[in-house]
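> Oh and the sequence shown: position 82 is 82 in full-length UniProt numbering, straight run, nothing missing.
After the structure tokens below, expect a handful of questions from me.
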Amino acid sequence: MTQTDSDLIRAINDVSQGCPLKQQTIDFMSTVSRPLENQNTVKLFSKRDLVDAYNRKQIMSMPGEIYEFDEEFNNIMSSIGLDEVSDDLQLPQKFDISLTLKQCLTKCASQTSAARGE
1 MTQTDSDLIR AINDVSQGCP LKQQTIDFMS TVSRPLENQN TVKLFSKRDL VDAYNRKQIM
61 SMPGEIYEFD EEFNNIMSSI GLDEVSDDLQ LPQKFDISLT LKQCLTKCAS QTSAARGE
């Protein structure tokens with residue numbers, strides 16, 4: 001079977017909706033399924049809360065102490081006048097940091113994002 005861009009786009013769209021997959025999508029995905037050499041692959045999530053949960057799990061599995069910055073971050077936002085617009089800008093409201101990480105992973109704990117189910 002020859003795959004086309006439209007087949008791939010349709011499959012990604014179906015998977016991103018989080019609904020039961022159509023048989024056409026399952027058939028397409030089985031034609032492109034193959035063993036991967038590197039298990040450190042890109043992860044796709046349909047909702048932000050799933051991303052947050054995955055990131056948190058990864059941080060918690062790291063050695064060393066975990067630091068959370070919540071109140072301090074909100075104080076910084078207030079001091080520079082961004083506390084009222086941070087939700088509109090979708091700026092992170094909370095940071096979870098492991099000092100052993102080379103890159104800081106952030107967790108958006110905005111009440112408006114949670115209310116929207118993102």
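For every residue, glycine included, the Cβ atom is placed at its ideal position computed from N, Cα and C.
Compute the Euclidean distance between the alpha carbons of residue 14 and residue 32, then round it to the nearest angstrom.
When rounded, the distance between both Cα atoms is 16 Å.
> Considering Cα atoms alone, identify which of 37, 11, 16 is closest to residue 44.
The candidate whose alpha carbon is nearest that of residue 44 is 16.
> Find the nearest neighbour of residue 47 within the set 11, 5, 18, judged by alpha-carbon distance.
When each option's Cα is compared against that of residue 47, the closest is 18.
> Can you say whether residue 52 is buried or exposed, counting buried as having 16 or more other CB atoms within 10 angstroms of its CB?
Classification for residue 52: buried.
> My parser needs the beta strand (DSSP E) runs of 3 or more residues fully inside the segment 8 to 53; what are they?
Qualifying beta strand (DSSP E) stretches: none in this window.
> So, helix, strand or coil for residue 61, using DSSP?
Note: residue 61 maps to coil in three-state DSSP.
> Going straight from the alpha carbon of residue 106 to that of residue 55, what length do you get?
Note that residue 106 scores 44 on pLDDT, short of 50, meaning its location in the model is unreliable; the coordinates nonetheless yield the value given after this. Going by the C-alpha atoms only, they are around 8 Å apart.
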